[in-house]
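There are 2 protein chains.
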Amino acid sequence: MPRATRLTTGGARTRKSIREAAVKLFYEQGYEATSLRGVAAEVDLQVGSLYNHINGKEDLLADIMISVMDELLDSVHDAVEAAEPTALARYEAAVGCHIRYHAEHAQQVFIGNSELRSLNEDNRTKVLTKRAEYENLFLRLVKKVAAETGADVIDPKIQAYSVLAQGAHVSSWYRPSGPKSLDKLVGTYIKLAVRELGLPAS
Amino acid sequence: MPRATRLTTGGARTRKSIREAAVKLFYEQGYEATSLRGVAAEVDLQVGSLYNHINGKEDLLADIMISVMDELLDSVHDAVEAAEPTALARYEAAVGCHIRYHAEHAQQVFIGNSELRSLNEDNRTKVLTKRAEYENLFLRLVKKVAAETGADVIDPKIQAYSVLAQGAHVSSWYRPSGPKSLDKLVGTYIKLAVRELGLPAS
DNA sequence: CAAAAAGCAACGTACGATAGTTTGTGAGTT
DNA sequence: AACTCACAAACTATCGTACGTTGCTTTTTG
Numbered sequence: 677m678p679r680a681t682r683l684t685t686g687g688a689r690t691r692k693s694i695r696e697a698a699v700k701l702f703y704e705q706g707y708e709a710t711s712l713r714g715v716a717a718e719v720d721l722q723v724g725s726l727y728n729h730i731n732g733k734e735d736l737l738a739d740i741m742i743s744v745m746d747e748l749l750d751s752v753h754d755a756v757e758a759a760e761p762t763a764l765a766r767y768e769a770a771v772g773c774h775i776r777y778h779a780e781h782a783q784q785v786f787i788g789n790s791e792l793r794s795l796n797e798d799n800r801t802k803v804l805t806k807r808a809e810y811e812n813l814f815l816r817l818v819k820k821v822a823a824e825t826g827a828d829v830i831d832p833k834i835q836a837y838s839v840l841a842q843g844a845h846v847s848s849w850y851r852p853s854g855p856k857s858l859d860k861l862v863g864t865y866i867k868l869a870v871r872e873l874g875l876p877a878s
Numbered sequence: 677m678p679r680a681t682r683l684t685t686g687g688a689r690t691r692k693s694i695r696e697a698a699v700k701l702f703y704e705q706g707y708e709a710t711s712l713r714g715v716a717a718e719v720d721l722q723v724g725s726l727y728n729h730i731n732g733k734e735d736l737l738a739d740i741m742i743s744v745m746d747e748l749l750d751s752v753h754d755a756v757e758a759a760e761p762t763a764l765a766r767y768e769a770a771v772g773c774h775i776r777y778h779a780e781h782a783q784q785v786f787i788g789n790s791e792l793r794s795l796n797e798d799n800r801t802k803v804l805t806k807r808a809e810y811e812n813l814f815l816r817l818v819k820k821v822a823a824e825t826g827a828d829v830i831d832p833k834i835q836a837y838s839v840l841a842q843g844a845h846v847s848s849w850y851r852p853s854g855p856k857s858l859d860k861l862v863g864t865y866i867k868l869a870v871r872e873l874g875l876p877a878s
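Protein chains in written order, with our numbering: chain V, 677 to 878; chain Y, 677 to 878.
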């Protein structure tokens, strides 16, 4: 019994299915604890067959981590551009997008925040570069708000870190089935971020 | 050549050395990626010799995670007791202790926050119970501050989460060699936490 | 006080399991 | 005929753990 009939979805979707299975398992079990055999089983393949679509286990992880950072950067960038042109409105948009993305893509983001160690130096550098870029984006926004509103920002870097930390944390507990609506949640975090700047709620 | 001369430190310290080596390696590489052979090499032992002191790899992790939660709970509890008896002062003391502990024990805390998945159900439940207790401690403090000061707390749970998230984040980047003094850092985070409550800086 | 017994802790080796990856083959598609 | 892709099997490496042995240290005993 040499093989199963080809899936009707065709072969082009297989690569994406593998990635999705990897995201799920990396999230649930961690990268190191996840075996490619487990990934293969999730997409109904044999282990070796994966290698028709991926270059190896770590490539799979690197792909996920790099593309999530790209998406995150793009999302926040777009949100900032679309906001009213005041520094505060742009900051609020960034924070809101940040939290929303971390809730909606909790699994990918969680992997991105916890599996840096498993990357080789090349890939780790790539991810860290994007991450630094992301941090700087928020840092600049905080400073602009301070400059434009005269807000008493205690420490811009800690301020930015604070927002990033909330996102990482959200990605570790948020479930769509929770009691609060996502919009309300995002609104709460925006208010907290604004308060932290020493500004009255808008 | 049957054996090396016994170390002058004696055997009583060995168990502690093993734990410290494990903390270091689990922090640097993650639990799954760390081999007991690596731990043994770190303390100049053969793999098998570890089993004179530990029951197994997971026991080592569980010990670390459980005792860090106990220490954390005790520390914050003590700090709260020692503070002035106003709700705000007690909350500030808790936040300060929380951040300080996460900076000073960054490695242990980081392990505690990232290796839950690697525990079996029994040990995971133990840790999760302590963690829930810790969260509740902050939640109660937030509510008391709100009741006592009339602060406009938007969402007590998110408020508590926010503080917890800052701690976890601090443990991922803080290094004693950094530019800011720990006291200053702790002070900054306390101010942010108070601002989040909608109160003016004290 | 000295000799014998008991315990402790490290040694080195081995085992069974599982990991990531490679490879040759062949069926299905274009 | 050329190409794609899944299969099954094998390979090498490494893992956690168990075991019997060895020698040092401490306690018990005569």
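We treat Cβ as the ideally placed atom computed from N, Cα and C, and that holds for glycine.
May I have the straight-line CA-CA distance separating residue i from residue j, to the nearest angstrom?
i, j, result
"Y/Leu737", "Y/Ile834", "29 angstroms"
"Y/Glu809", "Y/Leu817", "12 angstroms"
"V/Gly706", "Y/Thr762", "43 angstroms"
"Y/Arg713", "Y/Val723", "5 angstroms"
"V/Lys802", "V/Ala841", "21 angstroms"
"V/Leu721", "V/Leu861", "40 angstroms"
"V/Leu858", "V/Asn728", "39 angstroms"
"Y/Leu804", "Y/Leu792", "8 angstroms"
"V/Ser853", "Y/Pro855", "42 angstroms"
"V/Ala698", "Y/Gly732", "29 angstroms"
"Y/Gly772", "Y/Gly863", "7 angstroms"
"V/Leu815", "V/Ile830", "13 angstroms"
"V/Val719", "V/Glu696", "9 angstroms"
"V/Ala755", "V/Ser848", "23 angstroms"
"Y/Ala770", "V/Arg766", "33 angstroms"
"Y/Asn796", "Y/His845", "25 angstroms"
"V/Arg851", "Y/Ala779", "29 angstroms"
"V/Pro832", "Y/Ala823", "31 angstroms"
"Y/Ser790", "Y/Asn799", "14 angstroms"
"Y/Asp739", "Y/Glu757", "27 angstroms"
"Y/Leu813", "V/Leu813", "34 angstroms"
How close, in whole Å, do the beta carbons of residue i and residue j come, if the pair is a contact with beta carbons under 8 angstroms?
i, j, result
"V/Leu868", "V/Thr825", "Between V/Thr825 and V/Leu868 the Cβ distance is about 17 angstroms, and since that is not below 8 angstroms, they are no contact."
"Y/Thr690", "Y/Leu701", "At roughly 16 angstroms, the Cβ-Cβ gap does not stay under 8 angstroms, so Y/Thr690 and Y/Leu701 are not in contact."
"Y/His774", "Y/Val839", "6 angstroms"
Ordered along the chain, which non-local residues of its own chain (more than five positions away) have a Cβ less than 8 angstroms from that of residue i?
i, result
"Y/Ala827", "Val821, Leu873, Gly874, Leu875"
"V/Glu768", "Ala759, Ile866, Ala869, Val870, Ser878"
"Y/Lys806", "Ile742, Met745, Asp746, Leu749"
"V/Tyr777", "Glu747, Leu748, Ser751, Val752, Val785, Gly843"
"V/Ser794", "Tyr707, Glu708, Glu734, Leu737"
"Y/Lys692", "none"
For residue i, which residues in the same chain have their Cβ closer than 6 angstroms to its Cβ, ignoring the five residues on either side in sequence?
i, result
"Y/Pro678", "Confidence in Y/Pro678 is poor, its pLDDT being 31 and thus under 50, which makes the residue's placement too unreliable to answer from."
"Y/Ile730", "Leu736"
"V/Lys819", "Pro832"
Does at least one heavy atom of the ligand ADP sit under 7 angstroms from the Cβ of residue i?
i, result
"V/Leu804", "Ligands in the displayed structure: none, and consequently the ligand ADP is not present."
Whose C-beta lies closer than 7 angstroms to the C-beta of residue i among residues of the same chain, with five residues either side of it excluded?
i, result
"Y/Gly788", "Met741, Val744, Met745"
"V/Leu726", "Ile694, Leu712, Val715, Ala716"
"V/Tyr703", "Gln783, Phe786, Ile787"
"V/Glu811", "Ala836, Leu840"
Checklist line | Members of the stretch 840-857 of chain V near chain Y, C-beta cut-off 9 angstroms | finding: Leu840, Ala841, Gln842, Gly843, Ala844, His845, Val846, Ser848, Trp849, Lys856
Check: Between the stretch 703-716 of chain V and chain Y, which residues of the former have CB atoms less than 7 angstroms from a CB of the latter, in chain order?
Finding: Gln705, Gly706, Glu708, Ala709
Check: Residues in the stretch 746-768 of chain V with C-beta within 8 angstroms of chain Y's C-beta atoms, listed in sequence order?
Finding: none
Margin query: At a CB distance below 8 angstroms, what residues from the stretch 823-842 of chain V approach chain Y? Give them in sequence order.
Written below: Ile830, Asp831, Ile834, Gln835, Tyr837, Ser838, Leu840, Ala841, Gln842
Checklist line | Members of the stretch 789-821 of chain V that neighbour chain Y once the beta carbon cut-off is set at 9 angstroms | finding: Asn789, Ser790, Glu791, Arg793, Ser794
Notebook entry, point to check: Closer than 8 angstroms, Cβ to any Cβ of chain Y: which residues of the stretch 857-869 of chain V, in chain order?
Noted result: Leu861, Thr864, Tyr865, Lys867, Leu868
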